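Following this line, the structure appears as structure tokens:
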């Protein structure tokens, strides 16, 4: 099967106003085989290749702009049930609330939540997603398969990284300050009061990694390479060195990556430095756990120049999640300092309970704007093109598809979004990057192609029965605990975590994180 998009405008940073006019794009199988002016690439010019090309679909690209599909390099699909459910709450109390109210998902819940992410993403021009998948109870293979099946059915390009951990240094810090968080649902799921908790959790980790090994063997690079599996150790404050060493070893066995939260908050930075005697990046560097296969969502409190240099040297990829960092009050990633060192920065929407939508146009716009407040010199502000490329090329690198995805060029994977330029959102189409970043919302998305297959046509998703899934989603959500008032025990746990959070923040007040 092949697709010829004729008479389409193409995003091109080398062209006037960043638009190459009246182009044709030929897609064969899963890749772009040619991009050229329509006068050179058309039905007549490829007539002698018809036998080689096979069945050909022609798409009229007039009044459409072709852009690379957007890539969210960090989300948590299970949060879709809880979108819009919280506000004015920093991450640590938010986590205690989340664990105390989400209940334990079934495999069908994981399917529904992943499907909802895919539906929203595809209809708004997101063709790739890296899902840091969590489950509040013990992992079972059926939960992993359910998420993969949803992404398989949707047609989106997806990488799933199941979350796991083996030691909670936040609970250790809370113990030291006299706060008992171990009895909360969050604390109990991280070992609680068990005297043998480290040995117990190490055994659970080994069992999980064995299961992930089989799961990765079955799913990694399946369905024409559209689906991938990564490993998702939860965060620097939740894992041991041994856990990360085993994770990286298993990931390399499968040619996969490792995806781990990195100093999202000041509290996390405090807990890691208390446990390690050094910053998280210094620790990872010393243990040889930084590499281009490692993606680090958030990376907000990497502020020391030597840590930024370490990150640049080893090539690990930070993932900026501006909406979640603003909603949870976590802080701002030092994006300009990273880019100035040649560090590849990706972008993510984060989970639907902390962001709360799954729209990459929002994430890209925020990334282009919020850093203006941190730099007095406008020459240091993030440009529209830089923000857009973080949401395309940066995401491709995060999914280990750098050089294969993120540009509309011959040989690239055919993940393409066609935007209607005759909309109020994109009129009058001045500089394309400025319009895409500061004006577009996803409302102009007309067609979406992923891996060479049309998955959205004329704003309609072709792969899933979205109406039926949304109806089932509504039915299921009413049964979940978070829809009910907080029980007294969970409320006390959240209040205790608030007190712990306030004390740590007070202790860090006035401390310069860059020194």
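In UniProt numbering, the protein residues as written are 1 to 515.
All residues carry an ideal CB built from backbone N, CA and C; glycine is no exception.
Note that the coordinates shown come from a computational prediction; the quantities given were computed from them, not determined experimentally.
{"Query": "Nearest residue (CA-CA) to residue 99, options 514, 504, 508, 493", "Result": "493"}
{"Query": "Chain-order list of residues whose beta-carbon lies under 8 Å from that of residue 423 (same chain, five-residue window excluded)", "Result": "443, 444"}
{"Query": "Per-residue DSSP class, three states only, for residue 90", "Result": "coil"}
{"Query": "Residues of its chain near residue 303, where Cβ-Cβ distance is below 7 Å and the 5 sequence neighbours each way are ignored", "Result": "334, 513, 514"}
{"Query": "Distance CB(residue 72)-CB(residue 121) smaller than 8 Å", "Result": "yes"}
{"Query": "Residue from 45, 348, 216, 173 whose Cα sits closest to the Cα of residue 500", "Result": "173"}
{"Query": "Length of the line joining the Cα atoms of residue 404 and residue 69", "Result": "12 Å"}
{"Query": "Enclosing beta strand (DSSP E) for residue 110 [first to last residue]", "Result": "Per DSSP, residue 110 belongs to no beta strand (DSSP E); it is in the alpha helix (DSSP H), 107-123."}
{"Query": "Short Cβ contact (8 Å threshold) for residue 161 with residue 107", "Result": "no"}
{"Query": "The segment 244-259 / the segment 286-293 touching (three or more Cβ pairs under 8 Å)", "Result": "yes"}
{"Query": "Reference residue 522, options 178, 257, 19, 187, closest by Cα", "Result": "Nothing in the structure corresponds to residue 522, since the chain is present only between 1 and 515."}
{"Query": "The beta strand (DSSP E) enclosing residue 74, as first and last residue numbers", "Result": "70-75"}
{"Query": "Span of the alpha helix (DSSP H) around residue 322", "Result": "322-327"}
{"Query": "Inter-residue Cα distance where the pair is residue 123 and residue 158", "Result": "15 Å"}
{"Query": "From 374, 81, 234, 80, residue whose alpha carbon lies closest to that of residue 190", "Result": "234"}
{"Query": "Under the three-state DSSP convention, the category residue 163 falls into", "Result": "strand"}
{"Query": "Assigned exposure category for residue 252 - 16 Cβ within 10 Å defines buried", "Result": "exposed"}
{"Query": "Burial state of residue 474, where buried means 16 or more other Cβ atoms lie within 10 Å", "Result": "exposed"}
{"Query": "CB-CB length for residue 284 against residue 318, believed under 8 Å", "Result": "With 8 Å as the limit, residue 284 and residue 318 do not qualify as a contact, their Cβ atoms being about 12 Å apart."}
{"Query": "Under 8 Å between C-beta atoms of residue 263 and residue 298", "Result": "yes"}
{"Query": "Whole-angstrom C-beta distance between residue 193 and residue 202, which should lie under 8 Å", "Result": "Not a contact, Cβ separation roughly 17 Å."}
{"Query": "Three CB pairs or more closer than 8 Å across the segment 409-425 and the segment 448-459", "Result": "yes"}
{"Query": "Collapsed DSSP secondary structure at residue 241 in the structure displayed", "Result": "helix"}
{"Query": "Residue closest to residue 237, alpha-carbon to alpha-carbon, out of 254, 211, 271", "Result": "271"}
{"Query": "One or two residues paired with residue 447 in a DSSP bridge", "Result": "418"}
{"Query": "Distance, residue 470 Cα to residue 180 Cα", "Result": "40 Å"}
{"Query": "Anticipated Cβ contact below 8 Å, residue 66 with residue 408, distance rounded", "Result": "6 Å"}
{"Query": "Residue(s) in a DSSP beta bridge with residue 42", "Result": "Paired residue(s): none; residue 42 is not in a bridge."}
{"Query": "Assigned exposure category for residue 77 - 16 Cβ within 10 Å defines buried", "Result": "buried"}
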